[in-house]
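To start, the structure under review is shown below, and the notes come after it.
Next up, the structure:
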């Protein structure tokens, strides 16, 4: 699915919480239609702004621990982590313009 790498429960601490730049984690699942809608939009934003914010995807079916720890109850959920904390949460599929507006603090 696109050019955004996957993150697992096992790698979450190192790849997300200890990252030196903001990380957007896309919590998704294969069966989720809205997740498939938002995926190409995230790919486009990643291509344009991946130097400022790291984009990662987490399949909630394959990695149940992390979504549970962060109380992810609906997907897609986009969570932006900075310095080990969630600083922004976006729930549901949104058009590109809306996502860019939500992320402007991180992408300039």
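Residue numbers (UniProt numbering): 1 to 108.
Backbone N, C-alpha and C fix where the C-beta goes; we use that ideal spot for every residue, glycine too.
Keep in mind it's a predicted model, so treat the numbers as computed, not measured.
Kindly provide the ranges of any alpha helix (DSSP H) runs that are 4 or more residues long and lie completely inside the segment 14-85, ordered along the chain.
33-49, 65-69
Residues near residue 87 in its chain [Cβ-Cβ closer than 6 Å; skip 5 each side]
Correct list, in chain order: 80.
Quick check on residue 4: does DSSP put it in helix, strand or coil?
coil
Cα separation between residue 41 and residue 95?
8 Å
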